[in-house]
Amino acid sequence: MHTDHDRCVRAVQSHDARFDGWFFTAVLTTRIYCRPSCPVVPPKARNMTFYPSAAAAQQAGFRACKRCRPDATPGSPRWNERADVVARAMRMIADGVVDREGVPGLAARLGYSTRQVERQLLAELGAGPLALARAQRAQTARLLIETSALPMADITFAAGFSSIRSFNETVREVFALSPTELRQRARRGRPVAAPGELNLRLPYRAPLCPDNLFGHLAATAVPGVEEWRDGAYRRTLRLPYGHGVVALRPESDHIACQLSLTDLRDLAGAISRCRRLLDLDADPVAVDDALRADPRLAPLVDEAPGRRVPGTVDAEEFAVRAVLGQQVSTAAARTLAGRLVTAHGDPVEDPAGGLTHLFPTAEALAGLDPAALAMPATRRATLTGLVGALAAGELTLGVGSDWEAARERLAALPGVGPWTVEIVAMRALGDPDAFVATDLGVRGAARGLGLPATPVALTRHSTAWRPWRAYAVQYLWATADHPINRLPAN
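According to numbering that gives the first Met the number 0, the residues represented by the sequence shown are 0 to 489, in order.
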C-alpha cells in the first residue's frame, strides 16, 4: 500500500487508525516517521514519503515520533493473512528466530538460501532480516526501559543487543533519546512495576469483540495451565530461554498484558505469541466488510463486529488438545488434557494464582503409555501417532510452517480427519481461511440461518466468504448459547 502515495496521504490527513501498521509516514523536513493516525497536524503532502515497515524508515535515517510511538502499532495483518515466504519470515522474525539463530537459521527454516530471503524481504519491506530484527530489538529495549527497573546493562542483553554500545546507539538513533532519557520520560507520574513483573499495553485495530475471544479461551482452559481470574485470562508459557506466566485483560482500547518471565530474552517472543493468541494484528474492518456481503451473515456481523479467531501460544500443544477434543464435550476434553498435564507437564510456581504446570512437550508425551489414556483405542492411536510425528520432526506446526504442507502431513496421520486438520489450521497455524465444514456447531448455525447445512454444500457456499472463512466460523459459532461465546463472570 505504501506505493499508493495519494491513498496514503488521505489516510494521514484523516488520522485513520485503520492503517496503523500497514505503512509508516516519514516527514522529509523533520526526519521523523509516524503512524498514519498520529495526532499532530499532518505535514504538506510534498513533504511526506512512505515506507512499508518501521525498519525501512529507520534504515533511511528517520527517527520515531515521540508523540504517536509508531514502533508500538499493531503489526501488519499481511503477515497473518499469507503463507508465502515473506509472511512466514516475518512471523519467525517476530518470534525471535533471527536473534537466536541468525539469518542463516531463518533461511534454513524457510528452506531458502540466505540471499533469496534477504532479496525477497528487501523487495517487499525495504529492509532485510537483520534490519527488521534490529527494529524489533529497539522496541523490546524500549518496553524494558519504560516498564521495568532493570539496569541498562541487563536490558542490553535481554533485548538481544551484543554490546552496550550498540544498545545505546540504536536507542538514540531510533528514538532520538538516550535510554536514561526514555526512562525518565516514561516515569513521570507512573508507578514502578513490581520486580520481575512487566505491565504492557498490546494495541489492536478497532473494533474488537472480546466475548468469543476470551470466552473461548476461558471455557476451554486446561486446569493448571490456564485459568480465568479477576477478569483476566492467565496461562503459563513455554519459551525458548525459559518459561513465563501471562495475564491478559480486555480494555476499551488495548489489551492489558502482565508478564512474568524467568529470562527476559523471551520478551519479544512472548509478546508475539500473545498477539497471535488473541489475533491482535487482524484488520477487522476488512474482514467484517467482506462477510457483510452475505445477507445471512450481515446481521451477525452488525450485532457484534470485530470478532477475532482465538489462536494459541503453542501450535504443538493445540494439536494435541484438538485430538483430545475429537467427538467429546468441552468439559471432557479439558479433563483429559488436565490429566496429561499433571502426569507429564513441567511444574511451575505461580504466587499470583492457581497455575501449576507447563503443557507437556511432544517429546515428553511420545513416551506415554497409551493404555493409561482414558479414551477409545482409535483415539489413543491417533494421539500417539501425532506426538510421535511432532517429536520426530516429521510434522512441523511452528509459526514459519507451510500451511498446505502441514495440512497434508496432518491428514496423512491415522485418525486425523477434516475437522481436526481445519481446526488446527485455524487456531494453531493461523490460516484465516480455514473452514470446519463438518463441525456440528457450524452446521447447526448454518441451518438456523437458512444456509446449506451439509458439509459439501456449505463448503461450496463458503467460497463467497474467502479469504476470511475462519472469521465466518466465529460468527456462526456465536449463534449458540455456549460458554465459549461470553465473558465469564469474575
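We treat Cβ as the ideally placed atom computed from N, Cα and C, and that holds for glycine.
Identify which residue in the options has its Cα closest to the Cα of residue i.
i	options	result
leucine 181	Ala137, Ala218 and Ala157	Ala137
phenylalanine 358	Glu393, Trp402 and Thr311	Thr311
arginine 141	Glu80, Leu121 and Pro69	Pro69
alanine 424	Arg237, Leu439, Ala404 and Gly20	Ala404
glutamate 491	Arg406, Phe160, Arg6 and Leu389	Outside the shown range of the chain (0 to 489) lies residue 491, about which nothing can therefore be said.
arginine 6	Cys33, Tyr32, Ala44 and Val286	Ala44
arginine 307	Ala71, Pro298, Leu299 and Asp282	Asp282
alanine 363	Ala376, Arg379 and Val340	Val340
serine 251	Leu260, Val286 and Arg200	Arg200
alanine 314	Glu226, Leu409, Thr261 and Asp280	Leu409
phenylalanine 160	Leu486, Ala134, Ala53 and Ala488	Ala134
isoleucine 163	Phe174, Ala175, Pro150 and Arg459	Pro150
histidine 253	Arg204, Asp287 and Leu367	Arg204
alanine 342	Pro369, Gln326, Ala330 and Glu145	Pro369
glutamate 172	Ala63, Leu263 and Trp78	Ala63
leucine 367	Thr355, Ala380 and Val97	Ala380
tryptophan 21	Pro42, Trp227 and Trp78	Trp78
alanine 345	Ala157, Gly241 and Gly414	The question names alanine, yet the displayed sequence has aspartate at residue 345. That would be Gly241, whose Cα lies nearest to the Cα of aspartate 345.
alanine 246	Arg237, Leu258, Leu238 and Ala53	Leu258
proline 466	Arg66, Ser75 and Arg81	Arg81
alanine 53	Pro42, Thr24, Lys65 and Arg66	Thr24
arginine 66	Pro42, Ala332 and Cys33	Cys33
histidine 460	Arg295, Ala365 and Arg184	Arg295
glycine 414	Pro375, Gln115 and Pro239	Pro375
Is it buried or exposed for residue i, if we count other Cβ within 10 angstroms and need 16 for buried?
i	result
aspartate 480	exposed
glycine 268	buried
asparagine 46	exposed
glutamine 58	buried
serine 328	exposed
threonine 462	exposed
valine 455	exposed
threonine 377	exposed
histidine 4	exposed
glycine 243	buried
leucine 27	exposed
glycine 429	buried
alanine 330	exposed
aspartate 262	exposed
proline 202	buried
glutamate 302	exposed
glutamate 225	buried
threonine 492	The structure shown does not extend to residue 492, since the chain is modelled only from 0 through 489, so no value can be given for it.
alanine 391	exposed
Can you tell me the Cβ-Cβ gap for residue i and residue j, rounded? I've got them flagged as a contact below 8 angstroms.
i	j	result
cysteine 208	glycine 305	5 angstroms
leucine 506	serine 147	Coverage of the chain is limited to positions 0 through 489, which leaves residue 506 absent and any answer about it impossible.
proline 431	alanine 469	5 angstroms
phenylalanine 510	arginine 30	For the chain, the structure presents residues 0 to 489; residue 510 sits outside this window and is missing.
leucine 372	leucine 382	7 angstroms
leucine 109	alanine 132	Not a contact, Cβ separation roughly 15 angstroms.
valine 84	tyrosine 111	6 angstroms
glycine 214	proline 482	6 angstroms
proline 73	aspartate 19	6 angstroms
aspartate 210	asparagine 489	Not really, about 15 angstroms apart at Cβ, beyond 8 angstroms.
proline 51	glutamate 123	7 angstroms
leucine 299	tyrosine 474	4 angstroms
alanine 318	alanine 427	6 angstroms
leucine 143	alanine 157	6 angstroms
proline 487	aspartate 280	Contact flag wrong, Cβ pair sits at about 25 angstroms.
Check whether the Cβ of residue i sits closer than 7 angstroms to any heavy atom of the ligand PLP, and report yes or no.
i	result
leucine 131	What this structure holds is no ligand at all, so the ligand PLP is not there to describe.
From the beta carbon of residue i, is the nearest beta carbon of chain E less than 8 angstroms away?
i	result
alanine 56	In summary, chain E is missing from the structure at hand, where a single protein chain is found.
Checklist entry - Quick one: any contact between the region 115–128 and the region 96–104, if contact means 3 or more CB pairs under 8 angstroms? => result yes
Item to check | Segment contact, 8 angstroms Cβ cut-off, at least three pairs: the region 223–238 with the region 261–279 | outcome: yes
Checklist entry - Is the region 26–39 in contact with the region 7–14, if contact means three or more CB pairs nearer than 8 angstroms? => result A contact exists between the region 26–39 and the region 7–14.
Checklist entry - Are three or more beta carbon pairs between the region 290–299 and the region 166–180 nearer than 8 angstroms? => result no
Checklist entry - With a cut-off of 8 angstroms, do at least 3 Cβ pairs link the region 393–403 to the region 347–355? => result no
Next on the checklist: Could you tell me which whole beta strand (DSSP E) segments of length 3 or greater appear in the region 198–272?
Outcome noted: 225–228, 231–237, 242–249 and 254–260
Checklist entry - Where are the alpha helix (DSSP H) runs, 4 residues long or more, that stay fully inside the region 447–484, in chain order? => result 454–461 and 468–476
Checklist entry - Are at least three pairs of beta-carbons, each pair with one atom in the region 319–337 and one in the region 403–421, less than 8 angstroms apart? => result yes
Next on the checklist: With three or more C-beta pairs closer than 8 angstroms as the rule, is the region 216–227 touching the region 327–341?
Outcome noted: yes
Item to check | the region 256–270 contacting the region 84–95, beta-carbon criterion three pairs below 8 angstroms | outcome: yes
Checklist entry - Along the chain, which unbroken stretches of the alpha helix (DSSP H) at least 4 residues long are found entirely within the region 92–121? => result Qualifying alpha helix (DSSP H) stretches, in chain order: 96–109.
Next on the checklist: List, from N- to C-terminal side, the alpha helix (DSSP H) runs of 4 residues or more that fit wholly inside the region 323–367.
Outcome noted: For the region 323–367, the full-length alpha helix (DSSP H) segments reaching 4 residues or more read 329–343 and 361–365 along the chain.
Item to check | Any beta strand (DSSP E) of 3 or more consecutive residues that is wholly inside the region 124–178 | outcome: none
Checklist entry - In the region 278–303, which residue ranges form an unbroken beta strand (DSSP E) of at least 3 residues, counting only runs that do not cross its ends? => result none
Checklist entry - Going along the chain, which unbroken runs of the alpha helix (DSSP H) with 4 or more residues stay wholly within the region 387–438? => result 402–410 and 417–423
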